[in-house]
Each structure stands twice: as C-alpha cells, then as structure tokens.
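So the sequence lines, in the order shown, correspond to chains D and U. Everything in the first sequence is counted per full-length UniProt numbering, starting at 1 for the first residue and increasing by one. Everything in the second sequence is counted per full-length UniProt numbering, starting at 1 for the first residue and increasing by one. Written below as structure tokens is the structure these notes are about.
Number of protein chains: 2
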Amino acid sequence: MDLTARTAEQIGEALRRTRKARGWTQSDISARTNLRVATISSLENGDAGTKLATVLAVMAALGLEFRMVERGGSLEIEDIF
Amino acid sequence: MDLTARTAEQIGEALRRTRKARGWTQSDISARTNLRVATISSLENGDAGTKLATVLAVMAALGLEFRMVERGGSLEIEDIF
DNA sequence: TCGCATGTTACGCTGTGGCGCAAAATTTAG
DNA sequence: CTAAATTTTGCGCCACAGCGTAACATGCGA
C-alpha cells in the first residue's frame with residue numbers, strides 16, 4: 001500500500017484507504033478528533049483548502065505521520081544504514 | 001537529514017531546513033509559488049492553520065513530496081523488496 | 001424489499017488564512 | 001560597526017474552512 005502524495009487528492013485517498021484498512025468509519029475518526037464527519041468527508045475527497053491542523057488530527061487518529069522526501073525519490077542506500 | 005513530522009512545527013522546520021539546504025530565501029519560494037513571503041514565514045514558523053494547498057505548493061517548489069507512514073515506523077523489510 | 005449505517009451536501013455563522021501594502025525586527029555580509 | 005538582505009509583524013479586506021444542525025444519497029445486511 002503506497003501512501004505517497006503530492007496533491008490533496010492523493011492525501012485524501014491515502015487517508016481513506018488507511019481508515020478502511022483499520023476498519024473504521026468517518027464517524028470513528030470524528031469521535032477521535034472532534035472534527036465533524038462532514039469535515040472528514042471533505043478532506044478525503046481532496047479539498048486542498050483543508051487546514052493543516054485538520055490533516056494532522058486525522059493522521060494522528062490513524063496512527064500515521066508525515067515523511068517528506070525528494071520527489072519521486074525511492075529508497076536510497078543512505079536511508080537503510 | 002530527517003524530515004519526519006507529526007506537527008505543524010515539525011513540518012515548518014523541515015521546510016525551512018530544506019529551503020536553506022537549497023540555498024534559497026523565502027522570497028525565492030514566494031516567486032515560485034505566488035505566495036507572499038509572509039505566508040511562507042507563517043508556515044515555516046509552524047502555523048497549523050495554514051491551508052493544505054499552501055503546504056503542497058511550497059513542497060512542490062522545494063521538490064518534495066509526502067509519504068505517510070506508520071507512526072514511529074522505521075524502515076521495514078517489505079519497504080525494501 | 002426494507003431499514004439502518006455510512007457518507008455527502010446545504011444553510012447561516014464565526015474565525016481566520018492569505019492578499020496588498022508597509023513598517024519593524026532580525027540576520028548576514030562588508 | 002554599519003548597511004543591506006532577509007524575515008517577521010501589522011492593518012484592512014475578501015474568501016472560505018469548520019461549526020451546529022439537518023436533509024439527502026448511497027450502501028449493505030436481514
């Protein structure tokens with residue numbers, strides 16, 4: 001499951017896939033973040049206007065964190081050792 | 001240079017470090033994104049209210065992309081093969 | 001087929017991001 | 001030490017996210 005993203009759409013898609021993989025509903029995320037279900041929906045559908053705080057809250061609820069990497073950069077030897 | 005982030009502060013810090021590593025000024029990023037220097041400043045200083053679109057624009061200008069990973073998750077064998 | 005769960009959309013409201021413009025504050029170079 | 005470059009902050013303005021609430025659509029199991 002690749003969770004690389006350059007766009008809001010890709011971020012929303014990644015969050016939705018992770019949520020489903022956890023077997024959770026948007027309502028579950030809502031309860032864990034105090035964000036409205038509508039807000040989760042909007043984010044998962046790729047709204048680039050979403051605030052960073054909202055994205056981070058959902059990611060925390062899903063147990064995810066960001067890693068910023070060189071565009072298109074795959075694994076490099078230095079990353080391993 | 002580790003660019004892992006769970007908070008807006010860490011994201012801002014990572015963006016600033018990457019920008020400096022490129023030898024660029026906030027003004028350079030501003031020119032490449034059509035965002036105000038003040039907006040870049042705010043983001044680098046960890047404003048969680050920043051819009052996703054703004055973060056993504058700056059990341060694109062820096063040649064970065066997001067990778068969402070399990071919290072605290074380091075490299076796993078499956079990531080390599 | 002029907003009904004409940006899940007997800008999407010809408011309305012009015014408040015708070016605030018990002019804009020232009022500009023001035024202060026801080027950092028860096030000479 | 002001082003001037004220039006870089007960054008931060010402020011003001012008025014407009015646009016819109018996220019809120020409560022609710023209706024509507026979609027999906028899925030009994």
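Glycine included, every Cβ here is placed at the ideal spot set by N, Cα and C. Values in this document were obtained by computation on a predicted structure and should not be read as measured data.
With a cut-off of 7 Å, does the C-beta of residue i fall near any C-beta of chain U?
i     : result
R6/D  : yes
L64/D : yes
G23/D : no
G49/D : yes
Q26/D : no
F81/D : Residue placement at F81/D is poorly supported in this model, since its pLDDT is 49, which falls under 50; the coordinates still yield a value, given next. So no, F81/D is outside the interface.
L35/D : no
Counting only beta-carbon atoms, is residue i nearer than 7 Å to chain D?
i     : result
I77/U : In this predicted model, I77/U has a pLDDT of only 41, less than 50, meaning its place in the structure is not dependable; the value taken from the coordinates is given anyway. False, the Cβ-Cβ gap to chain D never drops below 7 Å.
R71/U : yes
V58/U : no
M1/U  : no
Which first and last residues belong to the alpha helix (DSSP H) in which residue i is found?
i     : result
M59/U : L52 to L62
G12/D : A8 to A21
T25/U : Per DSSP, T25/U belongs to no alpha helix (DSSP H) and is neither H nor E.
A48/U : Neither: A48/U is in no alpha helix (DSSP H) and is coded neither H nor E.
Judging by CA-CA distance, which residue of the options is the nearest neighbour of residue i?
i     : options                       : result
L62/U : G72/D, L15/D and A31/D        : G72/D
V42/D : M68/D, E65/D and L15/D        : Val is not the amino acid found at residue 42/D; the sequence shown has Ser there. The candidate whose alpha carbon is nearest that of S42/D is L15/D.
N45/U : K51/U, G12/U and R6/U         : G12/U
L64/D : R19/D, D47/D, Q10/D and G49/D : R19/D
Less than 8 Å between the CB atoms is what I'm expecting for residue i and residue j, so what's the real figure, rounded?
i     : j     : result
M68/D : L3/U  : 4 Å
T33/D : A57/D : 4 Å
Practice problem: Report yes or no: do the region 15-27 of chain U and the region 35-50 of chain U share at least 3 C-beta pairs separated by less than 8 Å? | Solution: Contact holds: three or more Cβ-Cβ distances are below 8 Å.
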